Every structure is written in C-alpha cells, then in structure tokens.
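Q:
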Amino acid sequence: MDQHLLVFVTVVEKGNFSRAAEELHMTQPAVSQYIQMLERTYGTKLLDRTNKFVRLNKAGEIIYYHAKEILGLYSKMQNLVDDLTNRASGPLSIGASYTFGEYVLPHFIAKLHEKFPLIKPKIIIGNTKEIAELVMGHQLDVGIIEGDYKDSKLTVEPFAEDIMYVIASTKHHLAQKKEVSISDLEEETWIVRELGSGTRMAAEKIFRHMSIAPKDVMEFGSTQLIKETVESGLGITLLSQLTIRKEMSMGLLKIIPIVGTPFKRKFSIVLRTSFKTKALEVFIDLLKNYDALN
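For the sequence shown, my numbering assigns the number 707 to the initial residue and increments by one for each residue that follows.
#1: Count the other C-beta atoms from every protein chain shown that fall within 10 angstroms of the C-beta of T834, then say buried if there are 16 or more, exposed otherwise.
#2: Take K688 as the anchor and find which of R793, R914, K883 has the nearest alpha-carbon.
#3: Assuming I851 contacts V737 (C-beta within less than 8 Å), just tell me the rounded distance between them.
#4: Spatial neighbours of E863 within its chain, please: C-beta separation below 7 Å, excluding the five flanking residues on both sides.
#5: Mark G832 as exposed unless 16 or more other C-beta atoms lie within 10 angstroms of its C-beta, in which case mark it buried.
#6: Helix, strand or coil for T716 per DSSP?
#7: Indicate whether V787 and V717 have their beta-carbon atoms separated by less than 8 Å.
#8: Where S875 and F806 are concerned, what is the direct C-alpha to C-alpha distance, given to the nearest angstrom?
#9: Just list the alpha helix (DSSP H) runs in the segment 805-870, keeping only unbroken ones of 4 residues or longer that don't cross its boundaries, in chain order.
#10: Enumerated in chain order, which unbroken segments of the beta strand (DSSP E) with a length of 3 residues or greater are wholly contained in the segment 941-985?
#11: Between R712 and L777, what straight-line distance do the alpha-carbon atoms span, to the nearest angstrom?
#12: Give me the Cα-Cα distance between E894 and V886, rounded to the nearest whole angstrom.
#13: Tell me which same chain residues have a C-beta within less than 8 Å of the C-beta of I950, skipping the five on either side of it?
#14: Between the C-alpha atoms of R971 and G904, what's the straight-line distance to the nearest angstrom?
#15: Spatial neighbours of R899 within its chain, please: CB distance less than 6 Å, with the 5 preceding and 5 following residues excluded, ordered by chain position.
#16: Write down the C-beta distance between I829 and I800 rounded to the nearest angstrom, noting that I regard them as a contact closer than 8 Å.
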C-alpha cells in the first residue's frame, strides 16, 4: 500500500497532523515529512495549514479523491488474495442475542482468535429483534438469535438447540414440591424479558401451550436482573440452562418440576445475503462444529 497516500488521507480526515500521527502510530514530524514528499512529487501544495487545522486546496481535492480510490483498490486486492490463499482475515461484525451473546459467544470468540488470529471481531449484544434488524440494516455481517424468528428478507438457519427450564429460588415453596400444577404456576409472579427478546417469545409460547394465564407479570430487560430477582424469592421465570449453571451449582436457584419439561428452542444464524467473506465463512463453520453448548 502507498504509505504517502495513506498518510495524506489520514491527515485530511483527522483534520490535523497530531491526530493523524496518533492514528497511524507515527511521530508528528514523520507525518509532516510524508506530506512534504508527496507535495514535492506533484510539484504543488496540497493542504492549506494553520496551527489548528489543515484544509484541502484545489490540487489537494484531486489527490484526495483519487487516493481514496487507490487505497480502496489496494484493500480489495488484498482481500481477494487472502481469499485465494484461504487466509481468513479482516474485520467481522457479529451480533448476538443476550443468552447466546453473554453466555456462549465468548467461547467461540476465543476459539476463533486461536485458529484465525487475523480476524478482528466486533461484537454487539441485543435482543433477538434488535439483532435481526441490525443484520437487515447492513450494520452486522452475521447475527445469532433465539427462537422462531422469521423474515422473508433474511436467511435464518438453526444450528444448535437450547434447553429451558422454569426456575425459582431454592427457598421458594414451588421448589419444594415434587410436581407443580398449572394452577400453581398461574398464581405466581412471573419475571419475564422485554418484548422482542427470544426468551420472552419462548415464555409466551409456553404460556399458550400450557394454557397459563399468569395473574402477575413483571418485565425486566436483563437476564442477570431476572436471576437476582428470582433468587430473592419475588417470583419465578423461564430461562436457558446456559444462563443458570453458576447459580444452580451454588444452590441459589432450582428447577421447578413440571410435567413436559424441559422446553426446547433453537439458536439460529441470521444473514442478509448469500455472499460470505472468508472470515464470515470460517466463523459460521466454527459455530456449526464447535461444541460450546455443553
């Protein structure tokens, strides 16, 4: 890549030499030298300078426009060569719903870094609806969501199974029973996730399936907050086994014995296009083959 053009573009976009030097991990005199050499090459000044900022002049505008195009071609050329040599590298934006993103995804990212250190993942965590919308809006390369999400404009592919249980504090009276009835469940306060969450969708699906009409429902936007509230004895909830391992091992939460449990749902990969970079291909392959759910 032409270092002179890269330095020039960075100076223009950062607005001054010191910020450009910081971005490029160079000294300010080195940045100035690169700009001076570029100006000597073209035989004219390219920047109007003051103590506080730099600004493109007419000649600079021409160089900047074509420099961006040239640097873009360098980047495209490198990506094509990397793909040809099967060297997965570059940025990869990944979104995941809370259960998978907070309790499973870190294991995948560690494995990804171990096998493909040149891939630079950027992670966003949100509920199922938020992640799907970010994929739709081209803000994520791939999403991982919970439940039966459908959108004709997205490709949704299940890749793993999740197991869910109704949970209470170990001191809760339902946790002491050998079997719990539908009427018992209806009398309790249910702590549920917000609308748009895959865990909320699962809870509502189970309410319909078991014909449960809870008398009291409280809505929280955090799985951790739900666990702590249930642990305090305020109510019961439906959560993935992945989120309660620590609390179960410490004897803080207990599975309520209900006929027909546990409940099952799917984790799915969400894409907006069939085109995949090499980095995205290896990440999806890792998801499908690396067993971090057990």
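Just so you know, even glycine gets a beta-carbon here, dropped at the ideal spot from N, CA and C. If you're wondering where the values come from, they're calculated on a predicted model, not measured in any experiment.
A: This is what the structure holds:
#1: buried
#2: Nothing about residue 688 can be read from this structure; the chain reaches only from 707 to 1000.
#3: The C-beta distance from I851 to V737 rounds to 44 Å, too long to meet the 8 Å contact threshold.
#4: Contacts found: S974, I975.
#5: Per the 10 Å Cβ criterion, buried.
#6: DSSP places T716 in helix when its eight states are reduced to three.
#7: no
#8: Straight-line Cα distance between these residues: approximately 23 Å.
#9: 811-821, 834-842
#10: 943-946, 959-961, 969-977
#11: The sequence as given places Leu at residue 712; Arg does not occur at that position. If you take the alpha carbons of L712 and L777, they lie about 7 Å apart.
#12: 12 Å
#13: Y871, I873, K933, L959
#14: Between the alpha carbons of R971 and G904 lies a gap of roughly 9 Å.
#15: T905, R906
#16: So it is a contact: roughly 5 Å between Cβ atoms.
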